[in-house]
Amino acid sequence: MKNLLLIACIILGISGTWANEKEKSEKESNDFEYHLGIAIDSLSHVHTFQGGVATCNFLKRIEDRFPNEWLTTYYIGYLNMKLSLFADSSMKKGMLDEAQKYLAKLLAYRQVDRSELSALNAYYYYVLIASKPEVNGPIYYRKVIEECNKAIRYNKQNPRAHLILSMFKNKMNAFQGGKQEDYCHTLERVESLFQNAKTKKYYPSWGMDDLKREKTQNCTAKK
Amino acid sequence: MRVDFDLRIHKFTKMDKNIMNNKVDTMRLLIMIILLLITYDATAQLQIKGHVKDIKAGPIMGANVYLKGTLVGTSTNIDGLFDFTIDISTEQTLVVRALGYEQKELAIHPEQTSIIMVILEPMKIAIDEVVITGNSYSYGENKALKRVDALDVVLQGGSQGDVLNAFQILPGVQKGGDDGKLYVRGGDTRETQIFINGMHVLSPYTTTANNIPSRSRYSPFLFKGMNMSLGAYSAEYGQALSSVLSMETKDITTNKLGLNISPLSVGGGGTVAWNNGSLSSNINYTNMSLYNTMIPDNYDWQKDYQSLAGEFELKTQLSPRTIHKLFVSYDNTTYQRGVEEPFSTNSLRNIDMDGSNYFINSVIESVSSKGTKLFLGTAYSHSDLRYKNARVAGDNYSRQGDELHLKAMLRKKVGRGYSIRLGAEAYLFDNQETYVDKSYIQTLDNQYSNTLSALFWDNKFRIVKSLYTSLAYRLEYTSSFNSYSHLPKVSLHWVASPLQLSATIGRYSQLPNYTIQNVVDQETALHYQLSATYDKRSFLFKLELYKKVYDGLSLKEGLNYTSNGYGYSQGIDLFLKGKIFRRKIDYTLAYGYNDAQRQEMEYPLMATPSYATRHNISGTAKYFISPLKIYIGASYAYTSGRTYHNPNRSGFMNASTAPIHNLDLNITALISPSIILYAYTTNVLGKEHVYGYDYAATPNNVGIYERRAIVNNRDRFFFVGLFFSLRKSAAYDVSTF
């Protein structure tokens with residue numbers, strides 16, 4: 030009998046612990062920020078196209094589960110743009126179309142950060158031009174500038190809007206056979222915007238890698 | 047329960063066995079309680095393995111495989127394989143999604159052991175993503191033809207920087223060389239109606255003197271997209287027997303400032319933008335004095351042509367999903383021209399013209415969270431034309447037209463295979479025409495008012511894969527005739543990119559010309575259309591066969607007009623667009639064959655109207671000389687002779703003018719990122735274009751009716767203009783809107 034009670038206590042103990050773990054797990058599964066955090070953290074470790082697609086898929090599952098959160102939609106759109114840069118031609122168009130779909134979807138969120146949305150729109154056109162410069166350049170170049178300016182009007186300190194605008198102007202100048210004289214200085218200013226940016230948890234913060242790459246490619250010699 | 051136990055993790059299974067070996071009843075009770083506690087949440091762990099393939103058995107990489115409503119899932123690897131473990135107690139749903147494929151859902155049982163094979167079908171195009179390119183041609187942000195917007199219009203050879211000129215390159219579209227207006231597929235110019243942001247424009251053309259081509263009142267830089275439908279258009283648009291040109295103004299833009307100057311005009315404008323909106327304006331002043339002094343024409347200008355035109359647009363984003371656009375335009379044109387009509391005595395006079403035009407257009411577009419789109423629009427047009435010495439010296443003629451257009455429309459997509467558009471609109475039209483002769487006696491006081499109300503309903507759905515249909519219906523009520531018009535439209539489209547085949551039948555109506563009295567109903571046209579489009583990358587080929595059957599046309603019978611006129615117009619249009627010479631030259635080629643006859647107005651019998659020419663060929667080319675940053679555009683057009691009535695011969699509309707050959711050239715030089723030079727010349731070949739003949743009302747003393755050729759005021763027109771962008775934010779952007 031004693032043995033049996035002991036066994037019962039052990040079982041109850043186990044089941045209690047199990048129940049606690051389950052409760053914790055349920056709490057986690059209902060915690061949007063917890064899952065978004067996992068997805069965003071994973072991005073810093075992902076270095077393959079396939080890994081990026083897997084993270085994008087995870088974000089889509091989060092979106093299904095938490096349909097009222099604009100940040101998930103934002104990141105899915107952004108990831109599709111980013112991935113399209115590395116995708117083969119058969120997937121590139123699909124990813125850009127998908128990105129456009131998510132950009133349109135973002136408009137439906139009342140709480141969306143309008144400056145970040147415009148900056149992402151600008152990035153979409155920037156990527157679209159990069160995919161087919163000859164065809165898309167003349168069609169969408171004004172859109173990049175307009176969306177960047179719009180993002181800056183909403184938030185003068187938005188580092189991503191300033192970065193895209195600077196990179197785009199630099200590329201336009203190069204295309205026209207000229208050179209943006211103060212490009213490195215502009216990039217320095219954008220860098221200080223990135224450093225001073227005060228964002229909420231899991232708010233868009235991408236762009237620093239692009240900035241570093243631009244500096245390496247354009248400003249190394251000067252240093 | 048049993049199954050749950052079977053699949054529980056090892057630790058619990060072992061303990062369960064020990065407990066089951068005891069035979070004490072109280073123990074059993076206790077065990078049962080314990081078991082209940084444990085098994086209440088009991089689930090099994092199941093490894094799910096599978097393979098995702100497409101219909102050709104190729105692996106799909108990156109498919110999202112997960113349990114519905116959960117975060118539990120994985121992505122397929124490069125071989126399309128997936129493998130993950132889930133906790134499962136009851137049947138659940140496995141979702142498989144991949145970019146470009148239809149989503150698939152499968153039931154998963156706790157006993158599932160076999161490898162799951164999933165085959166995904168390619169994504170069917172959603173109904174709102176299907177762009178029917180048959181019958182329509184687009185500029186700007188339209189999926190049908192992804193083209194550069196305003197710049198494409200300006201750079202196109204022969205466009206002369208004019209929206210309406212740009213469309214003359216299309217097959218079936220003729221621009222009247224004498225009046226500059228659009229004539230589509232054997233129809234009169236008034237059968238083509240123009241809409242801005244979905245709202246009707248009463249007077250889209252500038253006012254000019256006789257035989258001077260008019261232009262669009264609106265700069266191409268105002269618009270983000272233009273769509274020309276040559277027939278069988280949506281039931282949303284009414285009051286057009288032949289075709290519809292729909293233009294959409296730009297959305298909220300960024301700060302801009304620009305100036306332009308040429309020997310005949312000066313202008314400028316800009317845009318101020320803020321968080322939720324932008325305000326744009328543009329003013330242009332045109333004066334032909336300097337130009338006429340440098341390059342005189344055939345006319346005797348007493349006071350040179352001059353016009354002041356302004357455009358203004360306020361765009362406000364009322365909420366993330368609602369935008370309001372208010373567009374206002376105004377222009378005033380004046381000139382005084384000495385004329386002496388041949389074959390007429392006492393006709394020497396100075397025609398003194400003063401014309402004003404206003405257009406106000408206010409639209410709200412909103413999208414609900416469920417995707418329902420609401421459109422509300424109001425447009426008011428006013429035109430005021432006043433002529434002194436119109437027919438004879440000392441007389442006065444004036445005409446004032448007002449139109450209020452109201453429209454409400456809902457659009458909704460249901461699922462992926464059905465979309466509906468329904469709405470209501472009203473046109474309130476008022477026209478006043480007076481003529482006072484040189485003795486100050488009013489001989490004409492024509493007042494015309496009409497209210498036209500309409501309901502329209504247009505729905506598209508997919509019948510089977512790649513096969514779509516559209517059923518539409520428009521009901522119009524006309525107050526002046528107290529009559530209803532029933533206007534159905536049916537179309538069938540086979541869409542298998544890059545090829546599309548379309549067949550459409552639709553009925554359209556239009557009020558007769560307001561100057562005509564006693565007619566009893568609207569004029570109608572039944573459109574039949576077959577079209578094939580091949581659109582791949584930058585290559586486009588279109589073939590269209592059409593027939594329009596006119597009925598109820600205004601016809602003069604005896605002293606009065608009746609609605610007994612009728613006619614037809616049929617033909618073939620071919621259009622080719624692409625790039626050649628290492629894709630450096632953009633070209634278009636168009637051929638249109640038309641056979642049109644009608645008995646209307648003063649026609650005593652069926653005849654081909656003068657504006658309907660049988661063969662029309664056009665070609666354009668555009669080349670960018672990269673090192674010089676210069677675009678060169680050229681356009682050539684051939685039009686077979688126009689019919690005209692020669693009273694010296696028997697019959698009616700019994701003669702034809704010589705064919706017209708026309709070559710236009712333009713050059714756009716990107717001088718610097720903020721300065722663009724734009725120049726063009728028309729009729730480079732210097733050929734005389736004869737559009738018809740004016741005959742004397744009576745024969746001369748040898749019994750011959752003398753005639754005079756109808757030609758333009760000048761054989762050739764040159765233009766050189768400089769456009770400055772005063773903001774550095776955008777290079778080569780001369781738009782002020």
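Residue numbers (my numbering), protein chains in the order written: chain Z, 30 to 252; chain X, 47 to 783.
Beta carbons: idealized from backbone N, C-alpha and C, even for Gly.
* Mind checking residue 449/X: buried by the 16 CB within 10 Å criterion, or exposed? -> buried
* Asked: So residue 681/X packs on residue 215/X, CB below 8 Å; how close in whole Å?
  -> 7 Å
* Own chain residues within Cβ distance below 7 Å of residue 609/X, not counting five before or after -> 565, 566, 567, 598, 600
* Asked: According to DSSP, what are the bridge partners of residue 236/X?
  -> Answer is none; residue 236/X lacks a bridge partner.
* So does the region 753-761 of chain X actually touch the region 709-721 of chain X, counting three or more Cβ pairs closer than 8 Å? -> no
* Where do the ends of the alpha helix (DSSP H) carrying residue 363/X lie? -> Run containing residue 363/X: none in the alpha helix (DSSP H); it sits in the beta strand (DSSP E), 346-365.
* To do: Taking a Cβ distance cut-off of 7 Å, strictly less, list which residues of the region 67-87 of chain Z are near chain X, in chain order.
  => 79, 82, 83, 86
* Asked: Taking Cβ positions only, does residue 121/X come closer than 9 Å to chain Z?
  -> yes
* Which residues does DSSP pair with residue 760/X in a beta bridge? -> Looking at the DSSP assignment, residue 760/X forms no beta bridge with any residue, so it has no partner.
* Which residue from 484/X, 596/X, 91/X, 360/X puts its Cα closest to that of residue 137/X? -> That would be 91/X, whose Cα lies nearest to the Cα of residue 137/X.
* Asked: Skipping 5 residues on each side, what residues in its chain have a beta carbon closer than 7 Å to that of residue 563/X?
  -> 607
* Would you say residue 164/X and residue 96/X are within 9 Å of each other, going by their C-beta atoms? -> yes
* To do: Indicate the three-state DSSP secondary structure (helix, strand or coil) for residue 520/X in the structure shown.
  => Here residue 520/X sits in strand by DSSP.
* To do: State the start and end residues of the unbroken beta strand (DSSP E) segment that holds residue 126/Z.
  => Per DSSP, residue 126/Z belongs to no beta strand (DSSP E); it is in the alpha helix (DSSP H), 118-135.
* How long is the line joining the alpha carbons of residue 327/X and residue 430/X, rounded to whole angstroms? -> 23 Å
* Residue from 631/X, 527/X, 687/X, 699/X whose Cα sits closest to the Cα of residue 6/X -> Lying outside 47 to 783, the shown extent of chain X, residue 6/X is not represented and no answer is given.
* **6 Å CB neighbourhood of residue 715/X in its chain, flanking five on each side removed** => 676, 723
* To do: Determine the direct distance from the alpha carbon of residue 102/X to that of residue 356/X, and round the result to whole angstroms.
  => Their backbone Cα atoms lie some 60 Å apart in a straight line.
* Given a limit of 7 Å on CB to CB distance, which residues of the region 339-364 of chain X reach chain Z? -> none
* Tell me whether residue 106/Z sits in a helix, a strand or coil according to DSSP, three-state version. => Note: residue 106/Z maps to helix in three-state DSSP.
* Which of helix, strand or coil does DSSP assign to residue 93/Z? -> helix
* **Closer than 9 Å to chain X by CB, residue 187/Z** => no
* According to the Cβ coordinates, are residue 533/X and residue 553/X closer than 9 Å? -> yes
* Does residue 120/Z have its Cβ less than 9 Å from a Cβ in chain X? -> Yes, contact with chain X.
* Within-9 Å CB hit, residue 188/X to chain Z -> Unreliable placement is indicated for residue 188/X, whose pLDDT of 39 sits below 50; the coordinate value is still reported in the next sentence. Judged by the 9 Å Cβ criterion, residue 188/X is not in contact with chain Z.
* Asked: Roughly how many angstroms lie between the CA atoms of residue 305/X and residue 766/X, to the nearest whole one?
  -> 14 Å
* Quickly, what does DSSP pair residue 387/X with across the bridge? List them, please. => The partner list for residue 387/X (beta bridge, DSSP) is empty, contrary to what the question assumes.
* Asked: residue 263/X lies in the alpha helix (DSSP H); which residues open and close that run?
  -> Looking at the DSSP string, residue 263/X is not in any alpha helix (DSSP H), and its letter there is neither H nor E.
* Name the one or two DSSP bridge partners that residue 20/X has. => An answer regarding residue 20/X cannot be provided, because it is not within the stretch 47 to 783 covered by chain X.
* Considering only residues of the same chain and omitting the five flanking positions on each side of residue 236/Z, which have a CB-CB separation below 7 Å? -> Only 188, 189, 192, 223 meet the Cβ criterion.
* Asked: Within the 9 Å Cβ cut-off, does residue 203/Z reach chain X?
  -> no
* Asked: Whose C-beta lies closer than 6 Å to the C-beta of residue 345/X among residues of the same chain, with five residues either side of it excluded?
  -> Counting only Cβ-Cβ distances below 6 Å, and skipping sequence neighbours, we find 383, 759.
* Can you tell me whether DSSP reads residue 101/Z as helix, strand or coil? -> Per DSSP, reduced to three states, the secondary structure at residue 101/Z is helical.
* Which whole-angstrom value describes the C-beta separation of residue 403/X and residue 348/X, a residue pair presumed to lie in contact below a C-beta threshold of 8 Å? -> Between residue 348/X and residue 403/X the Cβ distance is about 23 Å, and since that is not below 8 Å, they are no contact.
* Alpha-carbon to alpha-carbon, residue 272/X and residue 186/X -> Confidence at residue 186/X is low in this model, with a pLDDT of 46, below 50, so its placement is unreliable and no value can be given for it.
* chain Z beta carbons: is any one of them nearer than 9 Å to that of residue 321/X? -> Closer than 9 Å to the CB of residue 321/X there is at least one CB belonging to chain Z.
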